[in-house]
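Notes for the one structure printed next.
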Amino acid sequence: RSELARLAGHSPLEITSATQLSAAPLEHYPTEPVRPAQRRIPWAYAVVGAVLVLAGGGYFLLVGGKDQSSVAQVPATPAPKPSPPPATPTPLPAPQTVNVELVVTPPAEVEVDGKPLGRVASTTLPLTPGPHRFRLRIAGFLDRSEEVEVKPDQPRLVFDLPRFGLLNVVPDMDVPIRGAEVFLDGKPLGSLPVSGKKVAVGGHRVEVTWPDGGRFEADVVVSDTAPTDLVVRPGGSS
Numbered sequence: 058r059s060e061l062a063r064l065a066g067h068s069p070l071e072i073t074s075a076t077q078l079s080a081a082p083l084e085h086y087p088t089e090p091v092r093p094a095q096r097r098i099p100w101a102y103a104v105v106g107a108v109l110v111l112a113g114g115g116y117f118l119l120v121g122g123k124d125q126s127s128v129a130q131v132p133a134t135p136a137p138k139p140s141p142p143p144a145t146p147t148p149l150p151a152p153q154t155v156n157v158e159l160v161v162t163p164p165a166e167v168e169v170d171g172k173p174l175g176r177v178a179s180t181t182l183p184l185t186p187g188p189h190r191f192r193l194r195i196a197g198f199l200d201r202s203e204e205v206e207v208k209p210d211q212p213r214l215v216f217d218l219p220r221f222g223l224l225n226v227v228p229d230m231d232v233p234i235r236g237a238e239v240f241l242d243g244k245p246l247g248s249l250p251v252s253g254k255k256v257a258v259g260g261h262r263v264e265v266t267w268p269d270g271g272r273f274e275a276d277v278v279v280s281d282t283a284p285t286d287l288v289v290r291p292g293g294s295s
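The sequence shown runs 58 to 295 under our numbering.
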């Protein structure tokens, strides 16, 4: 009513929103801001949401259960078995050997199949049956090689080599030696003088020649018990 009394003095054309606002008492207008009205969700939407949540949870349980069961059913991959060690080849049986008694007269340097044995007079060595190459040397006198068949029923090998003695050929007093040559059984033996030459035991023919045509000839018997000495001069013989 107070508002109508205040508006009574105004013509209808003068009554505006501002006029109405000024006519209203201040205590009728709220001082707090007007809050927007909250929208209420219809109950049907709430029901649909609950159904979707329940459906999603059931699907998750169903799928998760299948995954776990499928994982449990997969057998574990067995560990690879270790490779067996390589087969060790069966060693071949060692060839049978024969203990061969080796006798060398006179003693000599011996090699068997290229293996040196040193100076041998008598020794025993294991050899396989079959052929073997023997080399026998007496320095300055003999160098012989031969192949010998080793047999189990003949375990003894004997080499009888030529015996030798030492021969000395020396000039007589005041005999020149320059250019003088010595021959034994027609073969060169060396220059005059000849000392300690190994010569086969027995008889031999010795010749000596000089550059001026001088000549010496003699027969000697060489022994293996003592050196043989021969004194020579041009034009002489014995």
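Note that CB positions come from ideal geometry on N, CA and C, so glycine has one too.
Please read these numbers as outputs of a predicted model, since none were measured by experiment.
Query, Result
"Have a look at R290 and V167 and give me their C-alpha separation to the nearest angstrom.", "41 angstroms"
"Using a Cβ-Cβ cut-off of 6 angstroms (strictly less than) and excluding sequence neighbours within five positions of L311, which residues of its own chain qualify?", "A query on residue 311 cannot be resolved here, the shown segment of the chain reaching from 58 to 295 and no further."
"Note down, in chain order, each residue of its chain lying with its Cβ closer than 7 angstroms to the Cβ of P245, except the 5 sequence neighbours on either side.", "E238"
"By a C-beta neighbour count over all protein chains shown, 10 Å radius and 16 as the cutoff for buried, is V215 buried or exposed?", "exposed"
"To the nearest angstrom, how far is it from the Cα of V279 to the Cα of F198?", "14 angstroms"
"Between R262, V265, V256, which lies nearest to A196 when the distance is taken from Cα to Cα?", "V256"
"Looking at R272 and D242, is the spacing between their C-beta atoms short of 8 angstroms?", "no"
"Are D269 and N225 close, meaning C-beta to C-beta below 8 angstroms?", "no"
"Determine which residues share a DSSP beta bridge with A257 and list them.", "F221"
"So, for L78: in the same chain, excluding its five sequence neighbours on each side, which residues have a beta-carbon less than 6 angstroms away from its beta-carbon?", "With a pLDDT of 49 at L78, under the threshold of 50, the modelled position of this residue cannot be trusted, and the question is left open."
"List the whole-angstrom C-beta distance separating T180 from L159, where the pair is believed to meet the contact cut-off of C-beta under 8 angstroms.", "5 angstroms"
"Which residue spans inside the segment 235-281 form an unbroken beta strand (DSSP E) run of at least 3?", "238-241, 244-248, 251-257, 259-266, 272-279"
"In terms of residue numbering, what span does the beta strand (DSSP E) encompassing K208 cover?", "K208 -> no beta strand (DSSP E), and no H or E assigned at all."
"State the Cα-Cα distance for the pair F221 and D231, rounded to the nearest angstrom.", "31 angstroms"
"Report back the beta-carbon spacing between L193 and L218 to the nearest angstrom; my notes put them in contact at under 8 angstroms.", "6 angstroms"
"Would you identify the three-state DSSP class for G179, choosing helix, strand or coil?", "Looking at the sequence provided, one finds Ser at residue 179 rather than Gly. In this structure, S179 counts as strand in the three-state DSSP scheme."
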